[in-house]
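Okay, so the sequence shown: first residue is 0 according to numbering that gives the first Met the number 0, each after it adds one. In this text, a Cβ means the ideal position worked out from N, Cα and C, and glycines have one as well. Keep in mind the model is a prediction, meaning the values are calculated, not measured. Working notes for the structure below.
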Amino acid sequence: MTHRPRKWTPVLLAAGWIAVSSGALPAAGDIAAVGSEVSIRTSGGMKIVAVRRPAAYSAQTPRLLADPSMIVAAGEPVAAGTLSTPYPRPPLAGFSPLVAITTSDKHQFDSLMWDHTLHDAYTGNALNAPADQNFAIGIFDSGSVVDLVAEPWDAVLGLTGTYLTGNFFPIGGTGGTVDATISKPIGYFANGLSAIDASSGLLDLTQVVGHGNNSLLVAPEIACGNGEALTAVLGTGFVSFFNTIIRVDTPIHRDVGGDDVLSPSVQIQDQSITLPVYPRKMSMTFSSGGLPATTASYYGLLDPWTDEVDIILPTLLGMGSGMIPLGGYFFATIGAIEGEPGPTNPLQSMRVLVDTGAQSSIITPGMAANLNLDLYNPDFTVDICGIGGLTTDVPGFWVDYIKINAAGGALEFSQAPFVVVDLASPDGGQFDGVLGMNFFWNRNVIFEPVLSGSSFLHLSSPIAFAYGDFDRDLDVDQDDFAFFSLCSSGPGIPFSAECTHVDADDDGDIDQTDFGFFQACLSGENVPADVNCKP
């Protein structure tokens with residue numbers, strides 16, 4: 000199969016922010032020989048569209064990274080020209096969990112019933128029949144506070160005319176805002192790409208789950224970066240009531256509208272179904288601005304003369320009909336150190352939003368200061384495109400050490416990439432950044448949300464991929480070679496930040512030596528690569 004850059008760019012909303020998505024593999028290209036064009040979704044109303052080294056950055060300086068466990072002493076010698084990392088090094092971009100989304104007219108007929116209703120199969124009549132043909136590719140997004148569909152996909156899903164209220168809800172980020180239209184209550188259904196029949200291209204409506212009586216947002220068409228269009232997203236009002244298994248070891252290809260779409264397997268299922276057992280699980284804490292949440296509901300004003308409800312807030316997590324819903328988010332606490340650990344440089348605690356919709360991770364300027372990072376001398380810079388336009392030269396850093404505590408044993412990382420963005424706290428509490436899926440790029444995960452108890456992100460052992468399988472579709476082929484070529488820098492010349500896993504020999508460049516490793520692992524299109532083929 001030939002998998003092109005994704006045409007779908009799902010939306011990500013949290014506390015009034017919106018962010019843009021891309022496919023699983025960043026599409027890189029030369030930019031004046033100092034960086035590369037990419038399409039990497041991150042949180043906070045942004046998509047990374049370019050990555051650059053600072054002009055003064057001449058080469059990767061070989062050094063031994065500090066190991067907080069002191070297993071590797073700071074003075075231990077390193078082989079010349081080799082960047083040594085005591086722990087795995089995450090890439091800049093992780094996976095994108097894509098889903099097929101369709102709609103129905105499922106709603107409550109009692110005008111005082113504002114809560115959503117949960118369904119384990121498609122229910123109601125299609126807004127734009129037939130529902131098995133008229134669907135959109137969106138994203139499973141735990142960082143989004145609301146379900147959203149963007150033009151022109153609103154027409155595909157039938158969210159036009161009488162299904163819209165005419166009331167607006169502002170969405171946006173640091174670059175500006177747009178007004179999204181609040182829909183009338185409808186049914187919103189989804190599941191992973193495996194629900195699309197590979198032969199017919201039709202969506203199997205018996206495999207989708209969802210919620211009815213759901214008032215979502217319809218956004219105007221928004222183009223960002225390379226002009227990709229926004230599509231749709233499942234927010235926390237949807238994803239908080241199901242368990243979801245995301246398997247990177249089972250990539251799914253589907254031809255949708257002439258485009259080849261690639262995603263990890265996504266299985267959204269009832270919370271009563273037994274989950275697979277993974278060796279680790281990271282704790283998540285649910286927060287809804289200090290108030291409990293038991294359901295998801297919209298909010299409106301009742302006209303006493305007509306008994307009609309004027310909906311002024313879309314469906315969000317909250318306490319139920321008649322109560323103003325505030326939405327909700329899932330947070331985790333991780334640790335970070337920059338530089339040599341010690342009494343004067345302890346592990347810094349970070350409260351981060353767990354965002355399955357973000358391929359990359361973020362730290363706030365305040366957290367960057369706590370880590371003694373020099374914002375005027377970053378390791379790399381990125382250009383970020385949001386609703387309000389393009390922001391250039393946003394600083395990025397490789398943080399020396401990250402620790403994620405988990406039942407079954409902590410996960411530890413070296414040289415973890417973060418982009419520094421000033422984001423407001425979604426829930427009003429401490430907020431130090433966003434934990435994106437780049438930390439779990441080679442693990443199956445289970446998102447197990449609980450609104451009134453312990454929530455977990457279950458983590459499998461690392462999945463083995465052959466070197467050169469950069470799009471993680473289990474073969475090493477021409478698509479992977481195209482990415483290798485665009486990452487190639489030449490001997491002694493530093494590569495762009497999204498290309499760290501292409502540097503087979505960890506010498507800070509991507510050259511003929513790395514190409515030799517790539518040739519050795521080449522399998523061909525649709526031919527499973529040898530997962531033991533490593534540098």
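Could you give the distance in angstroms between the alpha-carbon of residue i and the alpha-carbon of residue j?
i           : j           : result
residue 469 : residue 490 : 21 angstroms
residue 46  : residue 38  : 7 angstroms
residue 353 : residue 96  : 14 angstroms
residue 514 : residue 505 : 13 angstroms
residue 380 : residue 421 : 15 angstroms
residue 113 : residue 295 : 9 angstroms
residue 437 : residue 358 : 6 angstroms
residue 455 : residue 362 : 22 angstroms
residue 127 : residue 102 : 8 angstroms
residue 453 : residue 264 : 25 angstroms
residue 205 : residue 339 : 55 angstroms
residue 383 : residue 389 : 6 angstroms
residue 492 : residue 125 : 56 angstroms
residue 283 : residue 299 : 31 angstroms
residue 474 : residue 532 : 11 angstroms
residue 51  : residue 450 : 41 angstroms
residue 539 : residue 482 : In this structure the chain extends from 0 to 534, so residue 539 is not present and cannot be described.
residue 151 : residue 519 : 45 angstroms
residue 35  : residue 317 : 43 angstroms
When burial is assigned at 16 or more other CB atoms within 10 Å of the CB, is residue i buried or exposed?
i           : result
residue 161 : exposed
residue 276 : exposed
residue 241 : buried
residue 153 : buried
residue 235 : buried
residue 511 : exposed
residue 86  : buried
residue 302 : exposed
residue 170 : buried
residue 197 : exposed
Specify the secondary structure class of residue i as computed by DSSP and reduced to three states.
i           : result
residue 309 : strand
residue 376 : coil
residue 500 : helix
residue 486 : helix
residue 154 : helix
residue 347 : strand
residue 37  : strand
residue 468 : coil
residue 192 : helix
residue 515 : helix
residue 168 : strand
residue 384 : strand
residue 238 : helix
residue 297 : strand
residue 439 : helix
To the nearest whole angstrom, what separates the beta carbons of residue i and residue j, a pair I think is in contact under 8 angstroms?
i           : j           : result
residue 117 : residue 231 : 19 angstroms between Cβ atoms; not a contact.
residue 88  : residue 413 : 5 angstroms
residue 293 : residue 115 : The pair is not a contact, with the Cβ atoms about 12 angstroms apart (cut-off 8 angstroms).
residue 189 : residue 233 : 6 angstroms
residue 253 : residue 192 : 5 angstroms
**Message:** Within 8 angstroms, do at least three Cβ pairs link the stretch 140–148 to the stretch 322–331?
**Reply:** yes
**Message:** Under 8 angstroms: do the stretch 453–473 and the stretch 525–532 share three or more Cβ pairs, one atom per stretch?
**Reply:** yes
**Asked** So does the stretch 180–198 actually touch the stretch 104–111, counting three or more Cβ pairs closer than 8 angstroms?
**Response** yes
**Message:** Quick check: the stretch 245–256 against the stretch 428–445, are at least 3 beta-carbon pairs closer than 8 angstroms?
**Reply:** yes
**Message:** For the pair the stretch 392–404 and the stretch 334–342, tell me if three or more CB-CB distances fall below 8 angstroms.
**Reply:** yes
**Item:** Inter-stretch contact (C-beta, 8 angstroms, three-pair minimum) for the stretch 302–313 and the stretch 257–273
**Value:** no
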